[in-house]
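I have placed the structure first, in the form of structure tokens, so that the comments after it can refer back to it.
There are 2 protein chains.
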Amino acid sequence: VTYELFYWPTIQGRGEFVRLALEEAGTPYVDVAREPGGMKRMMAALGGSGRAPFAPPFLKAGELVIGQTAAILLFLGQHHGLAPLEEAGGLWTHQLQLTIADVVAEVHDTHHPVSSALPYEDQKQEAGRRAAAFIDSRIPKFFGYFERVLGGNEYLVENRLTYADLSLFQLVEGLCYAFPRALARLGHDYPGIAALRGRVAARPRIAAYLASPRRLPFSQEGIFRHYRELDRASP
Amino acid sequence: VTYELFYWPTIQGRGEFVRLALEEAGTPYVDVAREPGGMKRMMAALGGSGRAPFAPPFLKAGELVIGQTAAILLFLGQHHGLAPLEEAGGLWTHQLQLTIADVVAEVHDTHHPVSSALPYEDQKQEAGRRAAAFIDSRIPKFFGYFERVLGGNEYLVENRLTYADLSLFQLVEGLCYAFPRALARLGHDYPGIAALRGRVAARPRIAAYLASPRRLPFSQEGIFRHYRELDRASP
């Protein structure tokens, strides 16, 4: 089966966590909304009845339609060796993914702390306060946790690659784009995370993907945005 | 096996979604942090190495420790008949849960849009703007979605109770506590959701639980808080 990924065609966003898993799995997929007529198909699926997803990204696998990034990764992890098959390991991988998803939501809200429906410029003041708190308290808390989970190992789970590693890689990439000053000491403060980032980037399929036109650039439209005034050195 | 639930002992919070599933399952569990010495055990587990959870709630099932509300429910759903066992139904239930979890995070941020580390009083102005946007745009979007998923059925998934129904019940209870004016027309605008709320509340085990001292009251310390100035009629 050729998977169909449905996501906004011009940004990495949450869809990127799915793209990375599909690329590492080496399984054929179509990034539907980037094809002619694809946006129309995506919007129709969202408005549908029955098991319609709430929002992109969603993945079509034959008859199965799966929404929510973490649920899609749960599925891909089981079917493509990107997570342990046994229950304890599978749940542990999923738990890490859900924690990464929590960070991603918080990153989004650093530039949109009031409403996604309003432009950044209309919530700039609130964004300043929220971004400062995120850099000062939340990054250390989350990164300290993942560093502890790594505990000197190469990967987060049983020392073999899972989708949680791909997601942590993307989180770090995004944060380094959005907050270069805050992340300046990444390698020093979180050597395990920095090493994992390099290790994932060097995996043959991921390296090929990152160098291809399939990898969209970061931009001021996605979840990770660089606003100079929101960035600051970490404490 | 007697489950051990670890969660803050004085609030419903995210732990409540797990409590409701445990109660409906009718399975024995200990709410650890509400027992003598329990808080100490919870804090020790959080700081631990290996597969330590990031934050409460987490569930101990024998040797297995599961963090993240949605992952705990995924586990309980499979082991206690609170979700379909086959893959498509299980993923669909989980997807709904993850969408409910997204709403829960947004509700929290209506009173803490800047930082969880600061008291509400220090982010009151930002909270006013965020709560207004939540009431005007987000509640209609999410509730419209769940009403559409229900589509006239009694429950969200295959017309039988799953943990997603218990969670939707709790979300509605919480929102009615926090924003009584915004939710005043619930039965009129979202008759399916209102009926599901009553249906869940009337289930024998849930009714017994809600009437017991095990059910903590809503308060100004949890996720759902009632601040008069944040509430307003829905559009």
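In order, the protein sequence lines correspond to chains A and B.
Reading the first sequence from the start, the letters are residues 1 to 235 in my numbering.
Reading the second sequence from the start, the letters are residues 1001 to 1235 in my numbering.
Glycine included, C-beta positions come from ideal geometry on N, C-alpha and C.
Could you tell me how far apart the beta carbons of residue i and residue j are, in whole angstroms, since I believe they sit closer than 8 Å?
| i | j | result |
| --- | --- | --- |
| Q1095 of chain B | A71 of chain A | 5 Å |
| P1084 of chain B | F1006 of chain B | Contact doesn't hold; Cβ gap of about 28 Å is too wide. |
| V103 of chain A | L171 of chain A | 6 Å |
| H93 of chain A | G77 of chain A | According to the sequence as given, residue 93 of chain A is Thr; it is not His. Correct: roughly 6 Å between the Cβ atoms. |
| Y120 of chain A | H111 of chain A | 5 Å |
| R14 of chain A | I223 of chain A | 7 Å |
| S219 of chain A | I11 of chain A | 6 Å |
| R1138 of chain B | E1106 of chain B | 6 Å |
| L1059 of chain B | V1018 of chain B | 6 Å |
| S115 of chain A | A1101 of chain B | Their Cβ separation, rounded to whole angstroms, is 19 Å, which puts S115 of chain A and A1101 of chain B out of contact at 8 Å. |
| L1161 of chain B | F1146 of chain B | Contact flag wrong, Cβ pair sits at about 15 Å. |
| A1202 of chain B | L1210 of chain B | About 10 Å separates the two Cβ atoms, so there is no contact after all. |
Below 7 Å CB to CB, which residues in the same chain sit around residue i once its five sequence neighbours on both sides are set aside?
| i | result |
| --- | --- |
| R181 of chain A | D231, R232, A233 |
| H1080 of chain B | A1025, T1027 |
| M1039 of chain B | P1009, A1033 |
| P1113 of chain B | Q1123, E1126, A1127, R1130 |
| E16 of chain A | Q170 |
| R1225 of chain B | H1111, A1178 |
| M1042 of chain B | F1006, V1032, A1033, P1056 |
| F143 of chain A | Y190, I193 |
| V1001 of chain B | A1061, G1062 |
| E221 of chain A | T10, I11 |
| R51 of chain A | V65 |
| A1021 of chain B | L1073, L1076, L1082, Y1163, L1166 |
| Q97 of chain A | A70, L73, Y163, A164, S167 |
| E158 of chain A | P84, G89 |
Taking the alpha helix (DSSP H) that residue i falls in, what are its first and last residues?
| i | result |
| --- | --- |
| F142 of chain A | 139-150 |
| V200 of chain A | 191-201 |
| R205 of chain A | 204-210 |
| A71 of chain A | 69-79 |
| L168 of chain A | 163-178 |
| V107 of chain A | 87-111 |
| Q182 of chain A | Before going on, a small fix: residue 182 of chain A reads as Ala here, not Gln. Premise fails: A182 of chain A is in no alpha helix (DSSP H) and is neither H nor E. |
| A127 of chain A | 124-133 |
Leaving out five residues on either side along the sequence, give the residues of the same chain with a beta carbon under 8 Å from the beta carbon of residue i.
| i | result |
| --- | --- |
| C1176 of chain B | L1183, L1186 |
| L118 of chain A | H112 |
| P1036 of chain B | none |
| E1154 of chain B | A1195, L1196, R1199 |
| E229 of chain A | K124, G128 |
| P1204 of chain B | none |
Who are the Cβ neighbours of residue i in its own chain at under 6 Å, not counting the five residues just before and after it?
| i | result |
| --- | --- |
| G1174 of chain B | F1224 |
| D136 of chain A | P235 |
| P53 of chain A | G67 |
| S216 of chain A | Checking the sequence, you will find Leu at residue 216 of chain A rather than Ser. If we look at L216 of chain A and ignore the five residues flanking it on each side, its Cβ neighbours are Q12. |
| R1214 of chain B | none |
| E1004 of chain B | V1030, V1032, K1060 |
| A1208 of chain B | none |
| E23 of chain A | R205, Y209 |
| L46 of chain A | none |
Could you pull out every unbroken alpha helix (DSSP H) segment of at least 4 residues lying fully inside the segment 3-66 of chain A, listed in chain order? 15-25, 38-47
Are the segment 142-153 of chain A and the segment 184-199 of chain A in contact at 8 Å, needing three or more beta carbon pairs? yes
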